[in-house]
Each structure stands twice: as C-alpha cells, then as structure tokens.
Amino acid sequence: MNRVYMDHNATTPVDPAVLDAMLPFLSSDYGNAASIHSFGQKARAAVESARDSVAALLGARPQEIVFTSGGTESDNHAIFGIVGAASGVAHVITTAIEHEAVLNTCQALEKSGVAVTYLPVDSAGLVDPEAVRRALRPETVLITVMHANNELGTIQPLEEIGKIAAQADVYFHTDAVQSVGKIPVHVEQLGVDLLSLSGHKFYAPKGVGALYIRSGTRLRQLLYGGHHQRGFRPGTENVPGIAGLGKAADIARQSLAETASRTETLRNRLERGLIERVPQARVNAAAAPRTPNTANILFPGLEGEALVIALDLKGLACSTGAACSSGAVEPSHVLTAIGLPPEEARASLRFSLGRHTTEADIEFALEVIPAAVAQLRELSPTYRKAGESR
Amino acid sequence: MNVASQNELTPRPATKEGGLIAVAMSGGVDSSAVAALLLRQGREVVGLTMQLWNQRRLPELMGETPAHGRCCSLDDVYDAKRVAQHLGFSHYVVNFEAQFEERVVRPFVAEYLSGRTPIACANCNTDVKFEPLLLMARQAGAERLATGHYARVRYNRETGRYELLRARDESKDQTYFLFGLTQEQLARTDFPLGDLTKEEARELARSAGLAVADKPESMELCFVPNGNYAQFIEAYQRDQGSPLPAADGEIARQNGEVLARHAGLHQFTVGQRKGLGVSTGEPLYVISIDPAANRVTVGEDAALRQTVCEVERVNWIACATPHSPVHAEVKIRHKHEAAPATVEALGATRARITFDAPQRAITPGQAAVFYSGEIVLGGGWIARDK
Numbered sequence: 001m002n003r004v005y006m007d008h009n010a011t012t013p014v015d016p017a018v019l020d021a022m023l024p025f026l027s028s029d030y031g032n033a034a035s036i037h038s039f040g041q042k043a044r045a046a047v048e049s050a051r052d053s054v055a056a057l058l059g060a061r062p063q064e065i066v067f068t069s070g071g072t073e074s075d076n077h078a079i080f081g082i083v084g085a086a087s088g089v090a091h092v093i094t095t096a097i098e099h100e101a102v103l104n105t106c107q108a109l110e111k112s113g114v115a116v117t118y119l120p121v122d123s124a125g126l127v128d129p130e131a132v133r134r135a136l137r138p139e140t141v142l143i144t145v146m147h148a149n150n151e152l153g154t155i156q157p158l159e160e161i162g163k164i165a166a167q168a169d170v171y172f173h174t175d176a177v178q179s180v181g182k183i184p185v186h187v188e189q190l191g192v193d194l195l196s197l198s199g200h201k202f203y204a205p206k207g208v209g210a211l212y213i214r215s216g217t218r219l220r221q222l223l224y225g226g227h228h229q230r231g232f233r234p235g236t237e238n239v240p241g242i243a244g245l246g247k248a249a250d251i252a253r254q255s256l257a258e259t260a261s262r263t264e265t266l267r268n269r270l271e272r273g274l275i276e277r278v279p280q281a282r283v284n285a286a287a288a289p290r291t292p293n294t295a296n297i298l299f300p301g302l303e304g305e306a307l308v309i310a311l312d313l314k315g316l317a318c319s320t321g322a323a324c325s326s327g328a329v330e331p332s333h334v335l336t337a338i339g340l341p342p343e344e345a346r347a348s349l350r351f352s353l354g355r356h357t358t359e360a361d362i363e364f365a366l367e368v369i370p371a372a373v374a375q376l377r378e379l380s381p382t383y384r385k386a387g388e389s390r
Numbered sequence: 001m002n003v004a005s006q007n008e009l010t011p012r013p014a015t016k017e018g019g020l021i022a023v024a025m026s027g028g029v030d031s032s033a034v035a036a037l038l039l040r041q042g043r044e045v046v047g048l049t050m051q052l053w054n055q056r057r058l059p060e061l062m063g064e065t066p067a068h069g070r071c072c073s074l075d076d077v078y079d080a081k082r083v084a085q086h087l088g089f090s091h092y093v094v095n096f097e098a099q100f101e102e103r104v105v106r107p108f109v110a111e112y113l114s115g116r117t118p119i120a121c122a123n124c125n126t127d128v129k130f131e132p133l134l135l136m137a138r139q140a141g142a143e144r145l146a147t148g149h150y151a152r153v154r155y156n157r158e159t160g161r162y163e164l165l166r167a168r169d170e171s172k173d174q175t176y177f178l179f180g181l182t183q184e185q186l187a188r189t190d191f192p193l194g195d196l197t198k199e200e201a202r203e204l205a206r207s208a209g210l211a212v213a214d215k216p217e218s219m220e221l222c223f224v225p226n227g228n229y230a231q232f233i234e235a236y237q238r239d240q241g242s243p244l245p246a247a248d249g250e251i252a253r254q255n256g257e258v259l260a261r262h263a264g265l266h267q268f269t270v271g272q273r274k275g276l277g278v279s280t281g282e283p284l285y286v287i288s289i290d291p292a293a294n295r296v297t298v299g300e301d302a303a304l305r306q307t308v309c310e311v312e313r314v315n316w317i318a319c320a321t322p323h324s325p326v327h328a329e330v331k332i333r334h335k336h337e338a339a340p341a342t343v344e345a346l347g348a349t350r351a352r353i354t355f356d357a358p359q360r361a362i363t364p365g366q367a368a369v370f371y372s373g374e375i376v377l378g379g380g381w382i383a384r385d386k
C-alpha cells in the first residue's frame, strides 16, 4: 500500500545524513565522552561539535546548550529549575495551549504552593503580550510561553513578550519544540532566557534534545549524579543521539529557508484543495502566523477519530488532538482554548508536512480525504439531516 | 475443531460479507481469537479497542489492586496491539470515555442508589459497543463488527428478522447480556466464537501464536476492579460533588418490625443474606428495597419466591411484539437457569412474565431474557412491583 506520512509534528524520520553521523558512535567509536583515553576523546569531540552546531542554529553560545533526553526533560528542567532556585513565594505565567510537558509541570508546581496564571488565547490561538504584562506580579519568577503550537502551528509573539519579561526582570522560557528546524529561532531576537528543543521533531532521533540556558541564569538542576555536562545535567552523554542532533541542526541551519518555502507552498495547496473539495471545511487559526508545515482543518459533522482511522486504512497518516499513552484521542485543550465547541474540536484534523513531502503526496491527500469525509458524513448522525433513514 | 463451518448460517441480505470487518478487541483471549479466526477465513480485519474509563478518575480507588485486568489498563491495550502486530492488521484505540460514563457508569450508580441492581455489561453492549463503536467501525470503512461474545446471530428468511441464538457452549453463553440488540445492530454483527468452547478459543489463540492465549479471564465489572460496588458508588458520588448523605434507613421485617439501621440502599440487593447487620437466629434475606421510604425489607427465604413480574424497556428480537401470550423459558439473572413462563406483551415496551413455578429473588434492575430453546425471543428490565 502507498503510505503517505503527514504527521511530522508528532515525529520525523531520521535524516540519512543524520544517521550517517550517528553510526560510528553506535559501533567503533563507542567511548564515554567523560573518559580520559582516546576512545573518550573521540566521543567528547563529537559532543562538543554538536553543541557548537545546536548553538549556531539558535544564535547562542555553545556553553549555553545542555543536552537532555528531549523536550519534556528540557521543559521540566527549565520550569522546576527556575522556580526551585527562587526564594519565597513564586508565581509563574503560562498559557492555556502549552504542551502537557509544560502544563502538567505547572500543575505539579501548583500542588506545591506555586501560583500559576494560565493565559487564554484568541480565536487564532495567539496570546496577547499585554495580557502577559497585566499578569505580572511582584513574585512572578517565570514566564513560559511556547513558540509554535503543536496542533495549530500558530507562532506566538515571543519578541514582544521577551521585551516585557526583560523590563520586568522575569525569566522567560519557551518550548520551541515545534519551531526549531521549521522557522528561524534566534534566542537574542526572541529575548528568551531558556529554550527547549527536541531532536526527533527535526530529523534527529528520539531520545535526545537540548535546553538553552542563557549565561548567568540561575536555576536548580533537575537530576543529580556525576559530573557530566559540568554536573549540571549528569548522566552519561547519549553520544550517538547528540551527534545526530548536531548534524540535524547543521542541516536545518543550511536548508531552513528553502525547506520552509517549499513546505509552505505544499501546505497552502493542501488547504486550498480541501476547502474547494470538501463542503464546509475550514482552516483553524488561519488568521495567525503559522509554521509552514502545519494545517489544522475542521470538517464539520464528523468524528475526527473515525476519519483518522479511515484515512490510515487508505494509507494517509495524520492525527487529531493529542494522543494519550493508550493511543486513544483526548479532547484537544488547544482547540477548546481557541473557542471551538467540543464537537468542532473533535471534527478537526492535523496534517503536518515534512521535508520529504512531495506534490504527489498532496495530490494523494486531496483524493482520499474528500472521499473519506463524504463517506463518514453519510453515516454521521450529526451531519445527516432529518428525513433520511435507512 | 471445525473452523471451516464457522459463520455458515443463513446468508444475510443486508450487507456484504466480503468487506473490511472490525474486531472489538479487549486484549483478552476471546476477542484476539476472533481476529485470528477471521484472518484464517481470509477476511480483511481492523482492530478497535475502546478506551472507556480512566482509573485516575477516582484515585482513591486505585489502591493496591494491580493494574492488570482493570478497565482500559494499558497492559490490556498493549496486549491488543501486540496481537494486531503479530497477526498483521491495523489496530486503533478509540476514546469512548464520555459515552461510557454517560450511558453506563452514571445509570449504574443511579440504579443502585434507587434500590435496583443493574447490569452494566448489558448497557455497555447495547449503548456503547454496538452503538458508537459500531458506528465508528462503519465510519472507518468496515462493513461489520465482530466481537468475542459467546452467542450466535443468524438471519431468518421466513420472518425477515435477525435472530440471536445461545452459544453452542451453553456454559459460556452471553446472550443474557445481548438481549438489547436491535435488528439494525444484529444485521452488522458477527460472533465468530458462537460455535466454539472457551478451550477451543484458547487453542485457536495458541495455534496462532498469540501471547494472550493463556491470559486469565476477567470476571469483575471492568470499571470496579476490586468488585466493591458500594465503595465505587460512594467514591463516584464524591467525585461528582454530591456525596451520599449519611443515610440512615430502616432494615425491617415485612410486618414492620425494625431490626437494624442501614447506611445506604446501594449496599443491598434482593436475595442478599450477608452484611445485613441483623442477628435473629433464623436466616434472613433482603426481600425488597423501597427507595421512597429508604427501607430495606428482610424476611425468610420463602418470601423471596415470586411467580409474576413485569419488565420494562422490552426489546423483541426473533419476532415483533406478540399480540398473544407466548410460552418461553425466562432467565432472570446471568447464572439463573431459564425457567418456563408465559410472557404477555403490555404494549410495545412492557411485558408481564408469569412463571410456571415461583422463582427466587426476582431482582428489579436485572434483565429478564425470554428464550425459545436456543433462540432469544427478546428481553426487558425487571421493574419494581407497583
């Protein structure tokens, strides 16, 4: 069966060049980067060169990059780290559309007595920077606002929020897991003090990520152990993963603009095609600046979960909402936050394109989606109008 | 075992036999065997597992019970996924938590609180498995839904109706929980294990190399893993923000003599002997539960025996609502041996059952299912005496 993958916001394939960069460290060059001998030296060189690459992608300095196991650890490290280093009562500002790695971390903080403000977003999924300013309190220690949203692709006005944070002298963290590799991400421009990224969202393997920590930022470490990464993030370094992340960062830096414009053309074609061919179809958060690869489409009158299954059985992989560990779909807190009623949230699907998506893939999607939607609506009790029965 | 003879009942006119078939998979041996059997018959299969209840909803009940065998435990979902991977078909988990709570859990609690003894599994079949799940299966592109129930379905050309039949293995028969299925639901349903014994199903799973072949059966209600319904109901009501009042009602004899106090009707079921908190020397049983008076009436075993009862929300399967009384064997709980009776329809959704001989502990809230031999004529929910 012809299988087309349109779920790159969930994960991406490892780029062949990334795999090549990793392979030596999975075979002959197996040293521990903390070892003194030549095996260790080779590994250390790979790790530090990757650190340079990641720093270059973000416009940061290498010593400001800490390698982690991925986005979730980076988010936890940043948020618990800043709040843990603060003395006295603490207050955190975040948004209603964050990834669970941020939301659930904030909820854990609340249980230990930290106050958290969850800012709403408008119908395009954007946070109002002025609302951030208004939410500031004397005891605010951290603002954490995601860069690009995983479900909608909306890009938050981080530059403005960064200025507000700087004026108020409050640390500013962003979960940039969905933007790194897709759009330019420059820590100085954005004015962030901490930034989380995850390798597998931009063609590096799963299980490796990084946290950018601006020099001079005081935060408590998350894990305790040996002296790896200056003792700040102990644990034997995942050398193959880190080498892969470095290579992925190099590729992203070199090809980002070209990939973004190509992907955006394809994404727009997909959106236009669906709106033309599927009655009542609509693009969610269309008014906001968005990552070039993400399309979130509302197909009124059907269960998105059924459509995802129907499409997968026809060879098109996409997603709805956020999957929980069983794989079942939870109602999306993001779509609810932009004001969609539950039945519309459940009728929305995300198609996220990637570097290797082709025009033929888009044509395939434009063939199978309208047909599947029509078939589903035929059986949908909410879409089928009165007077028919069978 | 003669696998070739499976499903060779009367052909069905309404749907194609050849299309994609969805299998409702719990991660247990029966539904896994169904998938293996259908694949052996050359069918194209897709697996669906329902996410019905999140155990974290009532964290106070999570306790020490192992996660295994709990409703929607990840172990079971992953078992289903492993079976699908092993046999090579697609498998999806679908979220019906909202429907399950609204159509099964909430009515279950409400029934207990009003002094009846519900059967959640029957509601789940009628209102979840063969309703939104069947719909989702069809929306995903499947023609039909197969489950691991021990029952049979066939089309009767003469009557033009789909019939539900007892499983060949009567000790495993589950038709008691399926009496609510409509003609439309039956038309799109397959019970491939209806001709097999449990051991044959296990053997089938073993021969297909399935890791779940020797998995123990789950006997408890899936969302109450420790079997303590009263504790579940109390926790659920607290979660809903309407904790049960420290109810203080009477436990009394039929003559009105008060023997003890009770702390909630949901702790009682008709025929119950243990846990009454009365010691009178003679064995006493719950005879009836009166929610209006908040009273539990107890008495001797003989008082539990009744000849007549009425059922509501009746569903006729093998025939339309009959105009004259029909003779049938009627089963009033899962482990009851169907007893001869006369069933008289009182309108389209109600019926009166008159047993040939008195039956013990006819319990409001339980189902009464009417059989004619192996055929399920229909069934309804036992009403409280007026």
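Residue numbers (our numbering), protein chains in the order written: chain D, 1 to 390; chain Y, 1 to 386. A virtual CB, placed ideally from N, CA and C, is assigned to each residue, including glycine.
Every alpha helix (DSSP H) of 4 residues or more that sits fully in the region 159 to 230 of chain Y is shown, in chain order, as 183 to 187 and 198 to 207.
Taking all protein chains shown into account, G304 of chain D has 16 or more neighbouring C-beta atoms within 10 Å of its C-beta and is therefore buried. Using a Cβ-Cβ cut-off of 8 Å, V23 of chain Y does not count as an interface residue toward chain D, since no Cβ of chain D sits closer than that to its own. Just so you know, the alpha carbons of D128 of chain D and F268 of chain Y end up roughly 56 Å apart. Closest option to T382 of chain D, judged by alpha-carbon separation, among Y:A110, Y:G379 and Y:L135: Y:L135. In this model, R168 of chain Y and A339 of chain Y are separated by some 19 Å (Cα to Cα).
Listed in chain order, the alpha helix (DSSP H) runs fully inside the region 285 to 361 of chain D are 304 to 313, 333 to 337 and 342 to 346, counting runs of at least 4 residues. Contact with chain D is found for S90 of chain Y, since one of that chain's Cβ atoms lies less than 8 Å from the residue's Cβ. Within the same chain, G59 come within 6 Å of E188 of chain D by CB-CB distance, once the 5 residues on both sides are set aside. Chain-ordered listing is empty here: chain Y has no CB closer than 7 Å to the CB of A10 of chain D, the nearest sitting near 15 Å. Using a Cβ-Cβ cut-off of 8 Å, A365 of chain D does not count as an interface residue toward chain Y, since no Cβ of chain Y sits closer than that to its own. Taking C-beta separations shorter than 7 Å and ignoring five residues to either side along the sequence, the partners of A260 of chain D in its chain run K182, I183 and P292, following chain order. DSSP places E110 of chain D within a helical segment (H, G or I) once states are collapsed to three. Counted as a single uninterrupted DSSP element, the alpha helix (DSSP H) harbouring C124 of chain Y occupies residues A120 to C124. Close partners of A146 of chain Y in chain D (Cβ separation under 7 Å) are lacking, with about 16 Å as the shortest Cβ gap. S28 of chain D has its alpha-carbon roughly 9 Å from the corresponding atom of F39 of chain D. The distance from the Cβ of L270 of chain D to that of F351 of chain D is about 6 Å, consistent with a contact at the 8 Å cut-off.
With a threshold of 8 Å between beta carbons, M219 of chain Y makes no contact with chain D. For M136 of chain Y, the enclosing alpha helix (DSSP H) covers residues L134 to Q139.
A contact is defined here as three or more CB-CB pairs under 8 Å, and the region 114 to 123 of chain D fails this definition with respect to the region 230 to 245 of chain D. Annotation: the continuous beta strand (DSSP E) that includes D175 of chain D extends over Y171 to D175. Where N268 of chain D is concerned, the enclosing alpha helix (DSSP H) starts and stops at V239 to R277.
Of all residues in the region 45 to 59 of chain Y, only V46 and Q51 come within less than 7 Å of chain D when Cβ atoms are compared, listed by chain position. Here I36 of chain D is exposed, its C-beta having fewer than 16 other C-beta atoms within 10 Å. Counting every other CB atom within 10 Å of its CB across the protein chains shown gives E310 of chain Y a total of 16 or more, marking it as buried. With respect to chain Y, the C-beta atom of A310 of chain D has a partner C-beta closer than 8 Å.
Bounds of any beta strand (DSSP E) do not take in N255 of chain Y, whose DSSP letter is neither H nor E. Under the DSSP definition of a beta bridge, L48 of chain Y partners with Y:A24 and Y:Y92.
When DSSP reads this structure, L195 of chain D sits in a beta bridge with D:T174 and D:Y212.
Taking a C-beta distance under 8 Å as the contact criterion, K206 of chain D and V177 of chain D do not qualify as a contact pair. Interface residue (Cβ-Cβ distance to chain Y less than 8 Å): L103 of chain D is not classified as such. For secondary structure counted as the alpha helix (DSSP H) over 4 or more consecutive residues, the region 94 to 165 of chain D holds these complete runs in sequence order: 100 to 111 and 129 to 135. E282 of chain Y sits in coil when the DSSP states are folded into three classes, being neither helix nor strand.
Closest by C-alpha distance to P364 of chain Y, out of Y:H266, Y:T175, Y:Y92 and Y:S73, is Y:H266. The beta-bridge partner set that DSSP reports for W316 of chain Y consists of Y:G378. With contact defined as three or more Cβ pairs closer than 8 Å, the region 248 to 267 of chain D and the region 85 to 102 of chain D are not in contact.
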